[in-house]
Each structure stands twice: as C-alpha cells, then as structure tokens.
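The structure appears below as structure tokens.
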Amino acid sequence: MTMQITRRAALGLVTGGLAAPAFAQRRRELDVPFVPTPHSLVEQMLDLAGVTAEDYLVDLGCGDGRIAVAAGQRGARALGVDIEALRIQEAAAAARVAGVEGRVRFRRQDLFATPIHEASVVAIYLLPDINLRLRPKLLTELPAGARVVSHAFDMGDWAADAEEVHDGRRIFLWHVPAVAGGSWEVTATDGSYRLLELEQRFQEVAGTLSGDGTVRAVVGRLRGRHLVLSAQDDGAPLALSGTIDGADFLPDAAARSGQGGWTGRRIA
448 MTMQITRRAA LGLVTGGLAA PAFAQRRREL DVPFVPTPHS LVEQMLDLAG
498 VTAEDYLVDL GCGDGRIAVA AGQRGARALG VDIEALRIQE AAAAARVAGV
548 EGRVRFRRQD LFATPIHEAS VVAIYLLPDI NLRLRPKLLT ELPAGARVVS
598 HAFDMGDWAA DAEEVHDGRR IFLWHVPAVA GGSWEVTATD GSYRLLELEQ
648 RFQEVAGTLS GDGTVRAVVG RLRGRHLVLS AQDDGAPLAL SGTIDGADFL
698 PDAAARSGQG GWTGRRIA
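Residue numbers for the sequence shown, in our numbering: 448 to 715.
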C-alpha cells in the first residue's frame, strides 16, 4: 500500500530538523528597512525566475510595489504584501499609473500570514534571518516547482539553483523541490522491478537501487519536480530521469519509448 507523505512531514527530511517559526512574531521582529530594488534589477529578477503571463507572483515585503507592478506589465497576476500602510498606498498608486491594477493587488499584511499556496513565483528582498524564518513556509506551502527569487540574501544551507551578479548586486533563484525521499518500486518494461530507497535534503538526493542481487549507490538532484539519478560505482552506466508526481516517478519521454523503459511508484 502506498504511504502518503505530506509536505509538512517531508520538511523534516529536507531541512535537517529546522523548526518552523512561530508566525505570530512581534512587529519589531518582522521589520525590514525599506530599501527599493533598482528597476533594472527588478527586471533581471523576473528574467531569472522566468516570469511570464502564465504566472502568479507574490511579493513578500513589497515596499512600493515595483516588483509586482513589473510582473503585471509582463501579463502576470501579482500580489504584494507589506506591513506599512504608506508602502501599500504607494504600490496601489504605481499599479494604477502602470495600468495593471486589474492584474496586480496589494494588501497590508504580515508576510508570514500571507497564503502562498497558489503562487508560482515568490519574490523577496528581506534580511538573512527573516529568509531563514520564512524558509519552512516556502518549502511546505508552495507547490513543487514554484520559484523563489531573492535580492541580496540567500537561504542558508538551502543552496540556490542559480545566482547572478549585476552591478555588484546578487540575486538568487530556487525551485521548490518535490518530495523524493522514501522508498520507490521501479518496474522495467520486462516486468522486473528494483527497490529505490532515497534520502533527501532540499534538492539533493542520495540512496540505493537494489535488485537482482545487487545494490548500487545513486545520487541525484531535483529541479522542482524533475529528478535525475545516476549510479556512483564502476558498474554499467545507470541513469533514471523523470518527474515526481505525487506517488509516481514518471520517466522522461526518451525512457518511455526505449527498450530500457521503466516506471516508479512510491511504496513508503
């Protein structure tokens, strides 16, 4: 029987036991000085995250709303939240001037209390300690494959998938990883099967693939829901590449059509 693994339970696997913060923090602990991101860097952040008209972007700590407005100008829907009323007024005015108020909204709200489960992109320009407090929320509430783009500050030991420097300013990108840790039954097209057992820390995955009297060490990396695994020994070349879709590990098209096709199913 397949065991359902919740995103909250998986957080213990991917964060090494980092405790989720109490979201009801005093306002003083949540304050971030308002330092606007240069407009040119805003565009580079949106480029790095690949923002298009298909996206819903949430800007946590939106300031004067320039990131959300720029996303709206690309056709995306966007929500900006900030705890300062004056910033929200400025942001709403900027959206009206840009003609995107139909796609872009702003709300005075604690960023930790903001629902993000529908977002495909989250943008932040906060502080290092707040990034770390926010990290469990990003990992558990965002759907696998959602992108997080940050100006200036990283996420500690959750390594970025991409990083760029523009005029001395750093921007970072992460893809929220799917839950790959656990036990999987990998069935080949000839009906034979192997046991794939994986441990996961953020997007890094390692474990063993056993069957036919052999046990091989494998390592891999997730990019959102896409997982690529390879064997780390002197045996025959081995690579499993596919998409994690809940309890299914679905091979890429090349593997489905070839003689070495396979499918994977979570069993624990």
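Every residue gets a Cβ at the ideal spot worked out from N, C-alpha and C, and that includes glycine.
From a predicted model like this one, the values you see are computed outputs, not experimental measurements.
### Query
Whose C-beta lies closer than 6 angstroms to the C-beta of Glu521 among residues of the same chain, with five residues either side of it excluded?
It is Arg, not Glu, that sits at residue 521 in the sequence shown. Excluding positions up to five away in sequence, the list reads Val498.
#### Entry: Rounded separation between Gly682 and Pro698 - CA only
21 angstroms
### Task
Assuming Ala532 contacts Gly512 (C-beta within less than 8 angstroms), just tell me the rounded distance between them.
The Cβ separation is near 13 angstroms, so there is no contact.
### Task
Evaluate Thr587 with the Cβ neighbour count: other Cβ atoms within 10 Å of its Cβ, from every protein chain shown; 16 or more gives buried, anything less gives exposed.
buried
### Task
Just grab the DSSP bridge partners of Met602 for me.
Trp605
#### Entry: Contained beta strand (DSSP E) runs [length at least 3] in the segment 551 to 623, N- to C-terminal order
551 to 555, 568 to 571, 594 to 598, 609 to 613 and 616 to 622
### Message
Is the separation between the beta-carbon of Ile618 and that of Leu488 shorter than 8 angstroms?
### Response
yes
### Message
Just to confirm the assignment, what range does the alpha helix (DSSP H) spanning Glu537 have?
### Response
Ala532 to Ala545
### Query
In terms of residues, what are the limits of the alpha helix (DSSP H) holding Asp494?
His486 to Ala496
### Task
My understanding is that Val505 touches Ala599, with C-beta atoms under 8 angstroms, so please give their C-beta distance in whole angstroms.
Not a contact, Cβ separation roughly 18 angstroms.
### Query
Do you know offhand how far Ala635's Cα is from Gly708's?
6 angstroms
### Task
Measuring alpha carbon to alpha carbon, tell me which of Ala700, Ala694 and Arg616 ends up nearest His716.
This structure gives no information on residue 716, because the portion of the chain shown stretches from 448 to 715.
### Task
Report the three-state DSSP secondary structure of Val479 (helix, strand or coil).
coil
### Query
Got a sec, what are the start and stop residues for the beta strand (DSSP E) Ala686 sits in?
Ala686 to Asp692
### CA-to-CA distance, Leu669 to Asp608, given in whole angstroms
10 angstroms
### Task
Using alpha carbons as the reference points, say which of Gly667, Ala686, Thr710 and Ala517 lies closest to Ser639.
Thr710
### Message
With a threshold of 6 angstroms on Cβ separation, who are the neighbours of Val479 within its own chain once the five nearest residues in sequence on each side are excluded?
### Response
Gly508, Leu573 and Leu574
### For Met602 and Arg582, the rounded distance between their alpha carbons
7 angstroms
### Query
Does the Cβ-Cβ distance between Leu676 and Ile691 come in under 8 angstroms?
no
### Task
Taking only the alpha-carbon atoms, compute the straight-line gap between Leu495 and Gly660 and give it to the nearest angstrom.
45 angstroms
### Query
Between Gln679 and Val665, which are expected to be in contact by the criterion C-beta below 8 angstroms, what is the C-beta distance as a whole number of angstroms?
7 angstroms
### Query
What is the DSSP secondary structure of Val528, reduced to helix, strand or coil?
strand
### Task
Would you tell me roughly how many angstroms separate the C-alpha atoms of Trp605 and Val568, rounded to the nearest one?
17 angstroms
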